[in-house]
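Trainee: Got a structure here, written out as structure tokens. Questions coming.
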Amino acid sequence: MTLDLTTDKDTGVAVVTLNRPDRLNAIDLTTTAQLHDAWRELRFDDSVRAVVLTGAGERAFCTGIDRDSVVPQPNSPYMTDDPLLRIGPKANDLWKPVIAAVRGMACGGAFYLLGESDFLIADPTATFFDPHTTYGMVSAYESVLMAQRMPYGEAARMALMGTAERISAQRAYDIGLVSELTEPGGALAAATECATVIAGYPTEAVQGTVRALWAAREGAVAQGFAQAPHLVALGNLPGDRQAELFAGRRGGTFRLR
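Residue numbers (the working numbering): 126 to 382.
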């Protein structure tokens with residue numbers, strides 16, 4: 126399994142863990158299917174009233190789609206398959222609160238998950254960046270989601286600066302992307318504590334509030350997503366050129382701000 130799902134019947138809290146630490150919790154096609162199944166399972170489990178989402182290991186929460194994954198595409202610019210579009214809780218009609226606990230890197234496709242979490246808690250090792258432009262790809266879906274979570278200028282800078290910069294945990298907290306900054310290694314415990322409190326409240330009121338909060342954002346997300354396939358088709362470099370740029374990357378040459 127590339128995904129772990131544990132539930133505590135006493136507290137009403139489930140923990141969903143991306144479990145590919147050797148791949149920096151990058152999401153392959155197996156993981157996309159398991160995420161979809163996990164969210165759908167949690168919809169029907171009335172003993173679970175709040176969820177924590179995290180990544181295994183110390184190096185990364187998630188680094189987006191695994192570049193070794195082969196995603197077959199229809200031979201048409203009007204039908205592009207993005208396997209990450211169905212990995213988030215809201216995309217699977219889960220209206221139970223989801224709190225993300227972030228440790229290490231969170232980048233690229235990780236924002237499909239963070240963008241559909243209700244709030245984020247991070248430890249000091251957390252960093253956030255969007256590598257798309259560096260490798261000749263349009264940041265479309267990711268930018269739409271993060272523009273709802275961050276001040277526009279911060280979202281734009283992260284998307285456009287690519288791998289040249291990373292947002293530190295402190296900066297993420299300062300701009301409101303992260304709601305709490307914990308001691309090292311403390312994000313999961315803090316997120317679980319919050320989830321336990323929320324799980325103790327009347328279920329209908331909590332889920333109605335989650336639905337209301339998302340309603341305030343989903344119109345903008347839907348409009349942005351409607352444009353995304355065309356922008357990706359127009360702006361992405363051919364796959365072999367993307368791979369060439371990715372293979373030529375240089376580690377450690379970024380600014381942390």
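For each residue, glycine too, the CB sits at the ideal point set by N, CA and C.
Just so it is clear, the structure is predicted and the values come from calculations on it, not from any experiment.
(1) Which complete alpha helix (DSSP H) runs does the stretch 189–242 hold, if anything under 4 residues is left out?
(2) Considering only the alpha carbon of each residue, which of Ala-181, Val-177, Glu-183, Val-141 lies closest to Ala-163?
(3) In or out: Val-196 buried (at least 16 other Cβ within 10 Å) or exposed?
(4) In this structure, what does DSSP give as the bridge partners for Thr-142?
(5) Here's the rule: buried if 16 or more other CB atoms are within 10 angstroms of the residue's CB, otherwise exposed. What is Gln-159?
(6) Do Thr-259 and Thr-288 have their C-beta atoms closer together than 8 Å?
(7) Starting from the Cα of Ala-265, find the closest Cα among Met-230, Thr-127, Gly-349, Phe-169 and give me that residue.
(8) Where does Leu-362 fall in DSSP's three states?
(9) Going by C-alpha distance, which of Cys-319, Asp-133, Leu-313, Gly-261 is nearest Gly-229?
(10) Just tell me which of Ala-368, Ala-272, Pro-354 has its CA closest to the CA of Met-204.
(11) Output the distance between the C-alpha atoms of Gly-344 and Val-269, rounded to the nearest integer angstrom.
Mentor: Walking through what the data contain:
(1) 235–239
(2) Val-141
(3) exposed
(4) Asp-129, Thr-179
(5) buried
(6) yes
(7) Gly-349
(8) coil
(9) Leu-313
(10) Pro-354
(11) 11 Å
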